[in-house]
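Report on one structure; see the data block that follows.
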Amino acid sequence: MRTEFYYTGLSPFQQGGFMISKLNYYISPQTIPYWNLGMEAFLLEWVPENTCILYLWQNQRTVVVGKNQNCWAECNVSSLEEDGGYLVRRMSGGGSVYHDKQNLNFTFLVREEDYDVARQLEVILRAVRSFGLDARKSGRNDITIDDRKFSGNAFYKSGGKCYHHGTLLVDVDKQAMSRYLTVSSDKLQSKGVSSVKARVVNLKELCPDMTISALCDALTDAFGEVYGGRPEPIRDSSIDLSRVEELEARFASWDWRFGRNVPFSWQAQSRFPWGGLEIQLSVEKGCVIDAMVYSDAMEGDFIASIPPLLTGCKFDAASLSQALSFALASEEETILADIRQLIKEEIK
Amino acid sequence: MAEEYEVRGIPSYTDKDTWARVMADGTVRIGITDYAQKMLKEIMFVDLPDVGSEVVQMQPFASAESSKALSDVYSPVSGTVKAVNDDVIGDPGIINRDPYDAGWLVAIVPSNLEEDLKSLLSADAYKDLIKEKIR
């Protein structure tokens, strides 16, 4: 399947960008997404005047959702976690993307007055063209080859500083991408930003010689050529690792990943030997604020005692099942076990 | 052309494309301007502060995400959030359709209203600013 969930947009803070006198680059030594996003946030705080930083980084198996997205509507969380993958949320808006070690991420970080998305995209285009590929700008901020996207871009501004970042698909596992980013929508009614599907292409399909390290080299070369300077690596002494780790902890936290204020409702239904059952949950900031359980079972009083047990729970299969795990008379225990199983099957 | 962006007479404006309107009960309603919503295009999500939280003049207090960008929203006045507009959380498109009325974002109990209003722009001054911005 050639689908990636994707976002591009024109930032309203576009500026001239001719004041850059210093070019820096930093290639991340890590593949843990929380650390890489922490480093990106650190570099944004750190970027000096008249400087453009090119940050290159790679993540292990990861789904990255946009700032205002509902993880559960965008990502098959349980399948991703079973495979040892990470679910992370970035600071920029837009849709969900999949990363693995055959994807290369780039970030341009500058002061607001030096932000120039056209020039930044030119660096990417020039690097990709150096492999003989006909990469083009299409629309305002998309870059494509034969109308297929190999890069998803997003933008962020805070405190007079900006970044523009994106993916570069070299040889990512498209089946995995599709598996994690395909979610059945009938169970969830969500606020928040939804992703837009796009046809994607791996650069290696078009250029068999393409590798991550060759692309890294091409990007730093193109960076120097487009901005007319010599990119220098950022020295380790400039990096406040304790600050990076502080920011990393924020990206890794449950509050940031699942607890953002993107309300949604979820429902599931099934029929069991003891009767039919429908559960509806309203979720805010990652926790159940309202639960309703309908059933035609004989044990009406017992069914009615279930919703208060779920209210206040974190919305995930383990937490909800935990809330319904306690010793009871055998018939009631059967009902609870069936509901736990339903939750486990239906919350992905 | 600047005329395609509606600017109303009563509210006061910021150069960050937000407006403030003092209501009869003394609270101040805040929203984004017609120019801002047209720049953003289709708004898909607004992140509003909790009731009871403090906002500071010319500091971001909310954000709006559209098909074009994720943008901070800057407060015209300082104070405490008294109410948030639940309607725009449920249907952010209201901001596109009616930025000055139904599309208000929060109501603030102002803490320094007189001073804050002095530093805001009149409708005419904001119209001139739009002309600058689109030039």
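Line by line, the protein sequences are chains X and W.
Going by my numbering, the first residue of the first sequence is number 1, and it counts up by one from there.
Going by my numbering, the first residue of the second sequence is number 349, and it counts up by one from there.
Glycine included, each C-beta is placed from N, C-alpha and C at the ideal position.
Checklist line | 8 Å Cβ shell around X/Pro308 - same chain, five flanking residues per side excluded | finding: Ala291
Note to self: Whole angstroms are fine: how far does the CA of W/Val404 sit from the CA of W/Asn460?
What the structure shows: Approximately 10 Å between the Cα atoms of the pair.
Check: In chain X, which residues lie with their C-beta within 8 Å of the C-beta of W/Met402?
Finding: Note that residue 402 of chain W corresponds to Glu in the displayed sequence, not to Met. Result: empty, since nearest Cβ-Cβ is about 17 Å, beyond 8 Å.
Next item on the list: Kindly list, in the order they appear in chain X, the residues whose Cβ is closer than 7 Å to that of W/Phe409.
Entry: What W/Phe409 touches in chain X: nothing, since even the nearest Cβ is about 14 Å away.
Next item on the list: Could you tell me whether the Cβ of X/Gly275 comes closer than 8 Å to any Cβ of chain W?
Entry: no
Check: For the stretch 62-77 of chain X against the stretch 120-130 of chain X, are there 3 or more C-beta pairs whose distance is under 8 Å?
Finding: no
Margin query: Please state the DSSP three-state secondary structure of X/Ser265.
Written below: strand
Next item on the list: Report all residues from its chain with a CB closer than 7 Å to the CB of X/Asp83; omit the five preceding and five following residues, and keep chain order.
Entry: Excluding residues within five positions, the ones whose Cβ falls inside 7 Å are Arg61.
Notebook entry, point to check: Hey, does X/Lys191 have any beta-carbon neighbour from chain W nearer than 8 Å?
Noted result: yes
Checklist line | Nearest neighbour of X/Ser21, chosen from X/Tyr227, X/Trp266, X/Lys204 [CA to CA] | finding: X/Tyr227
Margin query: Nearest by alpha-carbon distance to W/Val355: which of W/Ala473, W/Val399, W/Glu480 is it?
Written below: W/Ala473
Item checked: Simplified DSSP state of W/Phe409, which is helix, strand or coil -> strand
Check: W/Ile437 touches chain X at which residues, Cβ-Cβ below 8 Å?
Finding: Lys191, Pro263
Next item on the list: Flag this pair as yes or no: are the beta carbons of X/Phe264 and X/Ser190 separated by less than 8 Å?
Entry: yes
Notebook entry, point to check: Does any residue of chain X bring its CB to less than 8 Å from the CB of W/Glu480?
Noted result: no
Checklist line | Residue(s) in a DSSP beta bridge with W/Val399 | finding: W/Val399 pairs with nothing; no bridge assigned.
Check: Where are the beta strand (DSSP E) runs, 3 residues long or more, that stay fully inside the stretch 29-61 of chain X, in chain order?
Finding: Annotation: the stretch 29-61 of chain X contains the following complete segments of the beta strand (DSSP E) (minimum length 3 residues), in chain order: 51-57.
Check: At which residue ranges does the stretch 67-136 of chain X contain complete alpha helix (DSSP H) runs of 4 or more residues, listed in the order of the chain?
Finding: 71-74, 77-82, 117-129
Next item on the list: Return the CA-CA distance between X/Asn76 and X/Gly85, expressed in angstroms with no decimal places.
Entry: Cα to Cα, the separation comes out at about 11 Å.
Margin query: Extract the residue ranges of the beta strand (DSSP E) inside the stretch 252-318 of chain X, only unbroken runs of 3 or more that lie entirely within it.
Written below: Counting only runs of 3 or more, we get 264-272, 275-284, 287-295.
Item checked: Continuous alpha helix (DSSP H) stretch holding X/Ile20: start and end -> Taken as a continuous stretch (DSSP letters only), X/Ile20 belongs to no alpha helix (DSSP H), as it is neither H nor E.
Margin query: In the DSSP assignment, the beta strand (DSSP E) including X/Asp142 goes from what residue to what residue?
Written below: 142-145
Note to self: Whole angstroms are fine: how far does the CA of X/Thr182 sit from the CA of X/Arg2?
What the structure shows: For X/Arg2, the predicted structure reports a pLDDT of 29, less than 50, and the residue's modelled location is therefore unreliable. A value from the coordinates is still provided. For X/Arg2 and X/Thr182, the distance between alpha carbons rounds to 12 Å.
Item checked: Per-residue contacts from W/Asp395 into chain X (C-beta, under 7 Å) -> Asn68, Asn261
Next item on the list: In angstroms with no decimal places, state the Cα-to-Cα distance between X/Phe13 and X/Ile335.
Entry: Any answer about X/Phe13 is weak, because its pLDDT of 38 lies below 50 and its placement is not dependable; what the coordinates show is given next. In this structure, the CA atom of X/Phe13 is about 56 Å from the CA atom of X/Ile335.
Next item on the list: Return the chain-ordered list of same chain residues with a C-beta closer than 6 Å to the C-beta of X/Ser11, the five sequence neighbours on each side being excluded.
Entry: Residue placement at X/Ser11 cannot be trusted, given a pLDDT of 36 that sits under 50; the coordinates are not used to answer.
Check: By a C-beta neighbour count over all protein chains shown, 10 Å radius and 16 as the cutoff for buried, is W/Met371 buried or exposed?
Finding: exposed
Next item on the list: Sort W/Ser360, W/Pro397, W/Ala450 by Cα distance to W/Ala368 and report the nearest one.
Entry: W/Ser360
Next item on the list: Kindly list, in the order they appear in chain W, the residues whose Cβ is closer than 9 Å to that of X/Ser92.
Entry: Leu418
Notebook entry, point to check: Just to check, is the beta-carbon of X/Phe326 closer than 7 Å to a non-hydrogen atom of the ligand COA?
Noted result: The ligand COA is not part of the structure shown, which contains no ligands of any sort.
Checklist line | Min CB distance W/Glu351 to chain X below 8 Å | finding: Not a single CB atom of chain X sits nearer than 8 Å to the CB of W/Glu351.
Check: Short check: CB of X/Ile145 to CB of X/Lys137, under 8 Å?
Finding: no
Margin query: Distance cutoff 8 Å, beta carbons only. Does X/Phe155 sit that close to anything in chain W?
Written below: Answer yes: the Cβ-Cβ gap between X/Phe155 and chain W drops below 8 Å somewhere.
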